[in-house]
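Reviewing the structure listed below.
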Amino acid sequence: MLIRLAGGRVIDPESGRDGVGDIWIRGDRIVAPAQGETPDAVYDVSGKIVMAGAIDIHSHVASGNVNTARLLLPENHRGHTPRPAATPLSTAGWSTFETGCRYAAMGFTTVIEPAVPPHYALHSHLELADIPILDKGNLTVLGEDDFLLSLLRDGKSRTAVADYAGATLAASKGLGIKAINPGGSVAFQNNVRTFDLDDVVPTYGVTSRQIFQALQQAVVDLGIPHPLHLHINNLGVPGNVETALKTIAAAGNKPIHLAHLQFYSYGKEGKRGFSSAAAQLAEAVNSAPKSLTVDVGQVMFRQTVTVSLDVIRQFSAVPMAKPRKSVIFDGETNGAGVVPYLYKSDNFYNAVQWACGLELFLLINDPTRVFFTTDHPNGAPYTTYPDLFALIMSRDARARWLADLPKEAVEMTTLPSISREYSFSEIATMTRVAPAKLLGLKDRGHLSPGALADVAVYHDDPDRAQMFRFAHLVFKDGDLVVRDGRVTHYRYGRALTVQPSYDAGVDRRLSTYYDDLYGLSRDMFKVPAGAIARDYAFEEVACGR
Amino acid sequence: MKAFVEGAAVSLETAAAVAARLLEQARLPVIAGLATDVAGARAAIALAEKLRGAYDHVHSEILLRDLDVMRQAGRMLTTPNDARLRADCVLFVGPKLRDSWPDLPKRLDLAAPPRLSETKAARKVFWLGPSRGEAAEVGAAEIAATPGALPHALAGLRAAVLQRKTRMNGTLGQKFTDLAAQLRAAHFGVVVWSAESLDRLAIEMIQGLVVDLNQKTRFSTLPVELGMNASGVVQTSGWMTGFPMRTGFGRGYPEHDTWRFDANRMIDADEADAALWISAYGAESPQWKRQIPFVALARPQTRFHYPPRVKIDVGCPGKDHDGIEYARDIGTFTLIQAKSPSDAPRVSEIIGLIDQNLTKGSEGC
């Protein structure tokens, strides 16, 4: 099947292209213009914006904890708009099927679930497999596990840590490694209620800093494309910008990705002891090595639910739950908390948080180093992305929102003074080019010949939120799956994984360890290749230094 | 491989075609039982949507008792492995916990100290309201209470933990005071209970007790899973529709209502006029009273109180065929290998065949 997308404004920062032209698709790939051939289908996209499919690097879409949130909050998805289902279960609010449909409608073609403890990897993969259209991947969470903490306590070699990380990643079929308030879950099980970068994990005698640095090194040693994905200590705490700055310094020159930085951009100024320190933090990011990247975790004003493996943080948030019910989980050496929350525009703290996120977007200069997230659903559901695109693209849009916020909150930020507006090219860099590079996906995020034919075509609607909410056309692997914001049919993508090489001796040691400690086979916790009953369920992303 | 229509042996294809006719011609079909692996549950829920029917589970009463408390009041939760490795104090609540999980004490390794705990002392084990002899078998200190008295007893214990005055005097009062002191002194304690033997009030009281204990120390709860992938069906239903079972698609989108979509009630109240009964693990049979026509995907030895219109014998996950199910040993999904592989068909395969024989409907998922 040869397809020509004719006459659109093609925005492909990877190739430096920004102008009117054609895109040609043959099968599942972008190809050079096929001179002299008659395409099987021609789509006139003149006046439209053409970009590669967008990639979300951090969105909690599929895990046991997400499912707990669904079951905890039936009232959050009860009143879903009645309409005939064009595709199975696409009217089921908050289902995996709806997730695939709504992401695709916005022109997204790949999404990463960033918090999967090794023992829950199969659950997460089962959910991912029921997200239609999109390609997806899991980040495997390490740093709370007795095996690793014992290696660090006993001063074992860098290689031993890398072998363990490689084996666990392979068993859980992850795309990369995440650490979440490293050591915090173990500390919480030992009745610790706050946990900082240099606090020591009880019984192991190692600090959070040591854990994250060991994992950061292991990722480099294994040649995993995605750097260690780090959720810093002290999330949400006033004055925690100090923790973020210490962590940036501790990361040194090795690659690192800091997740949802907005939640760490708080100072202690003002009569309420809560202010934006986002400008200071953005400056630190700007002057840090280029190997440091961040995503924002923007807050938007509406009902949501926070879902996090940072159990210390979640436990402390229980009194703020709205509605007043939460789930706190001590599980399989990790922890987790599901705490519903309502962000309100007339709330001083929420308004400062909202401004902090936008300050980070606008004050971090390089769009290849700042990523577009709301930490779905923690800052806001991914369905608010269109409004967020509009906010970073328009100073006027921000001014309209600012006018409705408490004045004392606005005074705690620099947002009103910022005039920057993102261009289409910067949007495409932040949501296409940079995520593909960060995850090691060489054939995505761009529209050069050879790229996977994941393409989003948008109306050039001056209402940018409307434009990004409903793409005009979306192709996944060259298959037209969305027309005018509606999914026409399902196809199923792959789970992206890495298979780093490591010394297989660790697998034997781990088998003995599981037999001895759990009295269970380690195989019970693995994700077997045949577990997902779909053709081409997994796609391997190459490792290499 | 055996399939029957009106009691006569037929091919699988014929049985599937008759089943498809029956279900799609019904005004409101309901899928019940739903005791199957993840693949079977997926297929059944997708079929329910396509038929604009509803689905329920044979153990909904028990599963929803637990879920209802969670979605009203929240909960704290841990896994058998965390209890095994970290709990220095274990409090069992309610009778017959070992009936549904005989290996529970072994899985928790109660006789040994918790391997990953800072405290290396022997575990302290208590049992509030056991059935006769149950506490002694696991070496637990017993505090007697009848099932009916459990909510009250838990309330008394909760008051004692908070060091509030109660009207429990004498020996019982002293027992609660002593137990409360032991719980407060725990490093990481776990309350083990089952929704099979407790009512909603007792479950909510356990959650409240644990929340109170967490003011000063660490405590969590371990609900004993029913087994046979019941929790796995809850989870699968959760990600497919956002809701647990007792969900219907009559309006073209899922609606969850624990009263409205109770399969037995729907049938006996003349609302549902055809059913698909699924029971791939044990020999459970439908308990509704009104004799509506139904299709049974069941184990060969199942005895029905009136005959199904269509009956197809299915294999048991983990016995006849591999299957993904929720393993209570680890508190999450795992792939269970077939112990004695046979050609008995899987529930998901049969539903696939029924689906192919529907005249209406959209693409599959």
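Here the protein sequences line up with chains A and B, keeping their order.
Reading the first sequence from the start, the letters are residues 1 to 545 in our numbering.
Reading the second sequence from the start, the letters are residues 1 to 365 in our numbering.
In this text, a Cβ means the ideal position worked out from N, Cα and C, and glycines have one as well.
Is the beta carbon of residue j closer than 8 Å to that of residue i?
i                      : j                      : result
residue 257 of chain A : residue 222 of chain A : no
residue 389 of chain A : residue 427 of chain A : yes
residue 141 of chain A : residue 378 of chain A : no
residue 369 of chain A : residue 110 of chain A : no
residue 36 of chain B  : residue 278 of chain B : yes
residue 235 of chain B : residue 67 of chain A  : yes
residue 208 of chain A : residue 241 of chain A : no
residue 245 of chain B : residue 60 of chain B  : yes
residue 33 of chain B  : residue 225 of chain B : no
residue 342 of chain B : residue 227 of chain B : no
residue 168 of chain B : residue 45 of chain B  : no
residue 54 of chain B  : residue 248 of chain B : yes
residue 175 of chain A : residue 531 of chain A : no
residue 152 of chain A : residue 206 of chain A : yes
residue 301 of chain A : residue 344 of chain A : yes
residue 187 of chain A : residue 201 of chain A : yes
residue 180 of chain B : residue 210 of chain B : no
Rounded C-beta distance between residue i and residue j? I'm assuming under 8 Å.
i                      : j                      : result
residue 28 of chain B  : residue 250 of chain B : 7 Å
residue 444 of chain B : residue 63 of chain B  : Not covered by the structure: residue 444 of chain B. The range shown for chain B is 1 to 365.
residue 386 of chain A : residue 468 of chain A : 4 Å
residue 88 of chain B  : residue 332 of chain A : With a Cβ gap of about 18 Å, residue 88 of chain B and residue 332 of chain A do not count as contacting.
residue 298 of chain A : residue 236 of chain A : Not confirmed; about 14 Å, so no contact.
residue 62 of chain A  : residue 96 of chain A  : 6 Å
residue 30 of chain B  : residue 56 of chain B  : 7 Å
Which word fits residue i, buried or exposed, when buried means at least 16 other C-beta atoms lie within 10 angstroms of its C-beta?
i                      : result
residue 321 of chain A : buried
residue 114 of chain B : buried
residue 15 of chain A  : exposed
residue 20 of chain A  : exposed
residue 79 of chain A  : Residue confidence is low: residue 79 of chain A scores 46 on pLDDT, short of 50, so the model does not pin down where it sits. Its coordinate-derived value is still stated next. Label assigned to residue 79 of chain A: exposed.
residue 1 of chain A   : exposed
residue 351 of chain B : buried
residue 194 of chain B : buried
residue 435 of chain A : buried
residue 535 of chain A : exposed
residue 354 of chain A : buried
residue 526 of chain A : buried
residue 264 of chain B : buried
residue 300 of chain B : exposed
residue 286 of chain A : exposed
residue 523 of chain A : exposed
residue 259 of chain B : exposed
residue 227 of chain A : buried
residue 472 of chain A : buried
residue 398 of chain A : buried
residue 6 of chain B   : exposed
residue 306 of chain B : exposed
Mind checking if residue i is an interface residue toward chain D, Cβ cutoff 8 Å exclusive?
i                      : result
residue 427 of chain A : No chain D is part of this structure, whose protein chains are labelled A and B.
Under 8 Å (Cβ pairs) to chain B, residues found in the stretch 115-141 of chain A: 119, 120, 122, 123, 126, 127, 130, 132
Would the stretch 283-295 of chain B and the stretch 303-318 of chain B be scored as touching if the rule is three or more Cβ pairs under 8 Å? yes
Take every Cβ of the stretch 264-284 of chain B, pair it with every Cβ of the stretch 66-84 of chain B, and state whether three or more of those distances are shorter than 8 Å. no
By the 7 Å beta-carbon criterion, what residues does the stretch 189-216 of chain A contribute toward chain B? 189, 190, 191, 202, 203
Of all the residues that make up the stretch 19-47 of chain B, which are near chain A by a beta-carbon distance shorter than 9 Å? 38, 39, 42, 45, 46
Count Cβ pairs between the stretch 48-56 of chain A and the stretch 494-511 of chain A that sit closer than 8 Å; are there 3 or more? no
Would you check if the stretch 27-36 of chain A and the stretch 410-419 of chain A touch, i.e. whether three or more CB-CB distances between them fall below 8 Å? no
Please name the residues in the stretch 83-102 of chain B whose beta-carbon is closer than 9 Å to at least one beta-carbon of chain A, in chain order. 84, 85, 86
Residues of the stretch 309-331 of chain A with Cβ closer than 7 Å to any Cβ of chain B, in chain order: 325, 326, 327, 328, 329, 330, 331
Can we say the stretch 186-195 of chain A touches the stretch 216-226 of chain B, given the rule of at least three CB pairs closer than 8 Å? yes
Against chain B, which members of the stretch 462-489 of chain A pass a CB distance test of less than 9 Å? 489
If we count Cβ pairs, one from each stretch, closer than 8 Å, do we get three or more for the stretch 201-219 of chain A versus the stretch 143-155 of chain A? yes
Chain-ordered residues of the stretch 244-272 of chain B with a beta carbon less than 8 Å from chain A: 244, 251, 252, 253, 254, 255, 256
Three or more beta-carbon pairs under 8 Å between the stretch 95-114 of chain A and the stretch 449-461 of chain A, yes or no? yes
Across the stretch 503-510 of chain A and the stretch 161-178 of chain A, are there enough close Cβ pairs to call them in contact, namely three or more that are closer than 8 Å? yes
So if I threshold CB-CB distances at 9 Å, which residues from the stretch 520-537 of chain A count as touching chain B? 520, 523, 524, 525, 526, 527, 528, 530, 531, 533
Any residues in the stretch 147-162 of chain A with a beta carbon nearer than 9 Å to a beta carbon of chain B? Which ones, in chain order? none
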